[in-house]
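Before any comments, here is the structure.
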Amino acid sequence: MKKHSRSKSIVIISAIFLVLGFALFKLDVLGLVPIFVIIISFFMLVVHGLLHLSGRKDGDVFEAYQEAAKTRGIALEAGLKNKND
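See the structure below:
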């Protein structure tokens, strides 16, 4: 059996919930709940889709943020060292 990446699974589930939210919104069912479902599933779809496309298939959003902050810190430190030399 093939192993699917975590981000890909979340993207597929988010897409299903997005379509379901639009269907509920179109049918005018459950008041404001479909709007919240649409917003949350859209942003989950975008974030995890970008994670999957960038190669972080099993990574977490927080891990990606920590690595980006670490990379930025190293770049800033290197830039300050070059100015001082």
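Last residue of the sequence shown: 87 (this note's numbering), numbering continuous.
Every residue, glycine too, gets a C-beta built ideally from N, C-alpha and C.
8 Å contact criterion, which residue i and residue j should meet: CB distance rounded
i          : j         : result
leucine 47 : valine 13 : 6 Å
valine 49  : valine 63 : 6 Å
Environment of residue i [buried if 16+ CB atoms lie within 10 Å]
i          : result
glycine 23 : buried
Beta carbon of residue i nearer than 9 Å to that of residue j
i          : j                : result
alanine 66 : arginine 74      : no
proline 36 : phenylalanine 45 : no
CA-to-CA distance, residue j to residue i, given in whole angstroms
i             : j             : result
leucine 78    : asparagine 84 : 10 Å
serine 7      : aspartate 60  : 6 Å
serine 16     : glycine 81    : 40 Å
lysine 10     : leucine 52    : 10 Å
isoleucine 42 : histidine 54  : 18 Å
isoleucine 18 : leucine 29    : 17 Å
Contact test: residue i Cβ vs the ligand FAD heavy atom, cutoff 8 Å
i             : result
isoleucine 41 : With respect to the ligand FAD, the structure offers nothing, as it holds no ligand at all.
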